[in-house]
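J.: Residue numbering for the sequence shown is -20 to -1, 1 to 548, as defined by mature numbering (1 follows the signal peptide of the UniProt record, and there is no 0).
We treat Cβ as the ideally placed atom computed from N, Cα and C, and that holds for glycine.
Note that the structure is a prediction, hence the values are computed from the model and not measured.
If you scroll down you'll find the structure; I have some questions about it.
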Amino acid sequence: METLPLLCISFVSFAGLTKGAGVLPAGPLNAAVGGTVMFTTTLTPTENLTILWNINDKRIIFSTSGGNFPAPEYKDRITLFTSTGSLELRNLALSDSGLYGVSIEPQGASQMTGNIRLEVLEPVSNVVVTVSNTDLVEFNSSVRLSCSSSGSSLSFLWLNSSSEVTASDRVQLTDGNGTSNLTIVNVTRYDQGPFSCRVSNPVSPDIDKAEPQLSISYGPENVKLIISPPQEHHVEGSNIVLSCSADSRPAALFYWFLNGDKLSDTGPDLTLMNIQMSQNGSYSCQAFNEKTLRYETSQSSAVSVLDTTDLVEFNTSVRLSCSSSGSSLSFLWLNSSSEVTASDRVQLTDGNSNLTIVNVTRYDQGPFICNVSNPVSSDTSGSVLLSISYGPENIKLIIFPPQEHHEEGSSITLSCSADSRPAALFYWFLNGDKLSDTGLELKLTNIKTDHSAAGGGGYYIYRKKKMAKTPIDRNTATITGRAGQDNTAYSGNQDVNYADIRFFQNKEGGRVQVGTQNDMSSQYAEVRMNSGRAAGSSPPTYNAYMQQSKRLAPQPTGTQVYAQVRKN
């Protein structure tokens, strides 16, 4: 038996070897259960080699010029490449892990050796993520996510979206027995995920297992109240919308308060239609989260509702009268926060208790306030906001597309605009003939040659101011015309010459009330206005329109409007 002496020498040569050396590369090698591994030597092909492979000093195969002699348990699982000494091992099992050594002796040359470690691992499989609770409350709840997997030499990595999760004062990471636990204490809204567990080992690609996002309830907070339209004062009879918002999950419920008293209204919007003086006050909204059971209330916002009247710019004058009980009284009028002083249009009479504005302009709308004082006290009336109608003016006609000539069959849009309060009505004319079209735009579709202006004529606009609405509980007047204007040709006059405005405040500072005036002199007649169109009113003809545009300017002797401010 010639193999025994060589075997003894080979075993001695491997004693104490633990690193890759000699004819084998540095290790270790990693391979999966059921897979194949190749132990490749560094030798160039050579004839007549004597080769011995073993694992942990146990023979795998011995080869000489006389043949190959594998151990029985490796007979069908190995291939030896006799020219280089390389070895292929197939159908790997966990028991194949160990330190492999090789001894190679060329004919007539010195023996060469090498060794390398092989680790056979189970691949990653059956990754499962579980969570202790998915319905959480911010700052109040904690949660534990567990990740388990089959396989050997497992590595775990937790991700929040695409970012690695690392340990902190609120985050704990523990591994063991094929399981990794992620614990988050006192969760915040930023802990919602999605979380995923990444499992890997040297023989498997990364395997990610995601958990659906955590449902973390939070809020309400950042409660905001917005009033639309956003103005300091609102005219009685107008509409106001108060909108409340909050950062909250789930969406917050909203409750409304006026001067600290809870209203029956709920929801993110509070709509005040046809608002009255009685709805003056400080509004706030409160947000409530049914999951977190938390409340938060917005800052209060004041809604100021002012009495109003309807006046016509340049055509109407107004007088406001302020009265009060007490002695040695001084009166001061304010327009918003600015003191009202006398001028060519503004008269202060009767110790400044009466304020008269002649031929009002749109800039005289107020709100006006009367401040009454004496050396021992002072008080302020309610506010009056004047509704002043003006226009139309700055009439602009725009043709689109803006070109000199248009092809037959094309479409054209004519747009008209005007500065007017209330908004103007618009009528359209072609070469002096009134069209049936009304409104801001005139659309000409598939235009024909008979639409064009002949003899230098063209389209033009007649603008007519809308009838002002009659204020609630107001004495108003029907006016049919004034000197200097041909009302037969220029029909539909909406001028308001008088408006009877009265408000009172008691000495304790109570709410202003509208009352009946009994002591005014006859020069201020009680007046009424009906809100319907004057009989026979219709848009003017072209010639009447052109004649009306040359009408006289309003005269300062026109009838005046008065407002009386009293204090009992």
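Could you say if the stretch 59 to 79 and the stretch 99 to 115 meet the contact criterion of at least three C-beta pairs nearer than 8 Å?
T.: At 8 Å Cβ cutoff, the stretches touch.
J.: As a quick exercise: from Ile349, Ser318, Arg299, pick the residue whose alpha carbon is nearest that of Gln327.
T.: Of the listed residues, the one whose Cα sits closest to Gln327 is Arg299.
J.: Report the rounded CA-to-CA distance for Ser258 versus Gln266, giving the unit in angstroms.
T.: Distance between the alpha carbons of Ser258 and Gln266: 22 Å.
J.: Taking 8 Å as the limit between beta carbons, can you name the residues of its chain near Leu420, skipping five residues before and five after?
T.: Hits under 8 Å: Ser395, Cys396, Ser397, Phe406.
J.: In whole angstroms, give me the CA-to-CA distance for Gly437 and Phe409.
T.: Because the pLDDT of Gly437 is 39, which lies under 50, any placement of that residue in the model is unreliable, and the number read from its coordinates should be weighed accordingly. Their Cα atoms are separated by approximately 10 Å.
J.: Which same chain residues end up closer than 6 Å to Val203 when comparing Cβ atoms and leaving out the 5 residues on each side of it in sequence?
T.: So the list reads Ala226, Ala267, Glu276, Ser278, once near-sequence residues are dropped.
J.: According to DSSP, simplified to helix, strand and coil, what is Ser75?
T.: Helix at Ser75.
J.: Buried or exposed: Asn354, going by 16 or more other Cβ atoms within 10 Å of its Cβ?
T.: By the neighbour-count rule (16 or more Cβ atoms within 10 Å), Asn354 is not buried but exposed.
J.: Tell me which residues share the same chain as Met33 and place their Cβ nearer than 6 Å to its Cβ, disregarding the 5 neighbours each side in the sequence.
T.: The sequence as given places Trp at residue 33; Met does not occur at that position. Excluding positions up to five away in sequence, the list reads Ile40, Ile41, Leu67, Val82.
J.: Whose C-beta lies closer than 6 Å to the C-beta of Ser195 among residues of the same chain, with five residues either side of it excluded?
T.: Only Thr114, Asp115 meet the Cβ criterion.
J.: Is it true that the stretch 164 to 184 meets the stretch 118 to 136, where meeting means three or more beta-carbon pairs spaced less than 8 Å apart?
T.: Output reads yes: the stretch 118 to 136 touches the stretch 164 to 184.
J.: Should Val338 and Ile368 be called a contact, given that it needs their Cβ atoms to be closer than 7 Å?
T.: No, the pair does not count as a contact, with Cβ atoms beyond the cut-off.
J.: In terms of residue numbering, what span does the beta strand (DSSP E) encompassing Thr418 cover?
T.: Element bounds for Thr418: 413 to 418.
J.: DSSP state of Met257, grouped into three classes?
T.: The answer is helix: DSSP assigns Met257 an H, G or I state.
J.: Count the other C-beta atoms from every protein chain shown that fall within 10 angstroms of the C-beta of Ile206, then say buried if there are 16 or more, exposed otherwise.
T.: That one is exposed.
J.: Within its chain, find whatever has a CB closer than 6 Å to the CB of Ser122; leave out the 5 residues flanking it on each side and keep chain order.
T.: Once the five neighbours on either side are set aside, the close Cβ partners of Ser122 are Val165.
J.: Count the other CB atoms, across all protein chains shown, that sit within 10 Å of the CB of Ser264; report buried if there are 16 or more and exposed otherwise.
T.: When all chains shown are included, Ser264 counts as buried.
J.: If we ignore side chains and look at the alpha-carbon of each, how far apart do Ser318 and Lys242 end up?
T.: Distance between the alpha carbons of Ser318 and Lys242: 36 Å.
J.: So what does DSSP say about Arg169, is it helix, strand or coil?
T.: Arg169 falls in the helix class under three-state DSSP.
J.: Please confirm whether Gly346 and Asn315 have their CB atoms less than 7 Å apart.
T.: Yes, these two residues count as a Cβ contact at 7 Å.
J.: Nearest by alpha-carbon distance to Ser284: which of Arg57, Gly7, Ile255, Gln152 is it?
T.: Of the candidates Arg57, Gly7, Ile255, Gln152, the one whose C-alpha sits nearest the C-alpha of Ser284 is Ile255.
J.: Let me check one thing: in DSSP terms, what residues is Glu191 bridge-paired to?
T.: Looking at the DSSP assignment, Glu191 forms a beta bridge with Phe175.
J.: For Val111, which option in Ser63, Gly65, Arg150, Leu162 has the closest C-alpha, if you only look at C-alpha atoms?
T.: Closest by alpha carbon: Leu162.
J.: Since Thr159 is in the beta strand (DSSP E), which residue starts that stretch and which ends it?
T.: Where Thr159 is concerned, the enclosing beta strand (DSSP E) stretches over 159 to 164.
J.: Is the distance from the Cβ of Asn269 to the Cβ of Ser228 below 7 Å?
T.: In this structure, Ser228 lies closer than 7 Å to Asn269 by Cβ.
J.: Count the other CB atoms, across all protein chains shown, that sit within 10 Å of the CB of Phe19; report buried if there are 16 or more and exposed otherwise.
T.: The residue in question, Phe19, is buried, as its Cβ has 16 or more Cβ neighbours within 10 Å.
J.: Based on DSSP bridge pairs, tell me the residues matched to Asn354.
T.: Bridge partners of Asn354: Ser357.
J.: Assuming Ala231 is part of the beta strand (DSSP E), what are its boundary residues?
T.: Looking at the DSSP string, Ala231 is not in any beta strand (DSSP E), and its letter there is neither H nor E.
J.: Is the beta carbon of Ser262 closer than 7 Å to that of Ser244?
T.: In this structure, Ser262 does not lie closer than 7 Å to Ser244 by Cβ.
J.: Buried or exposed for Tyr370, going by 16 or more other Cβ atoms inside 10 Å?
T.: So Tyr370 ends up on the buried side.
J.: Consult DSSP for Asp330 and reduce its assignment to one of helix, strand or coil.
T.: Reduced to three states, the DSSP call for Asp330 is coil.
J.: Could you pull out every residue in the same chain whose Cβ sits closer than 7 Å to the Cβ of Val17, ignoring the five residues on either side in sequence?
T.: So the qualifying residues of the chain are Leu9, Ala11, Leu69, Leu72, Leu98.
J.: Taking the alpha-carbon positions, what's the Leu309 to Val352 distance?
T.: Going by the C-alpha atoms only, they are around 7 Å apart.
J.: Under 7 Å between the Cβ atoms of Thr64 and Gly2?
T.: No.
J.: Does Glu68 come out as helix, strand or coil in the three-state DSSP assignment?
T.: In the structure shown, Glu68 sits in a strand (DSSP, three-state: E or B).
J.: Which partner residues of Lys428 appear in the DSSP bridge assignment?
T.: Lys428 pairs with nothing; no bridge assigned.
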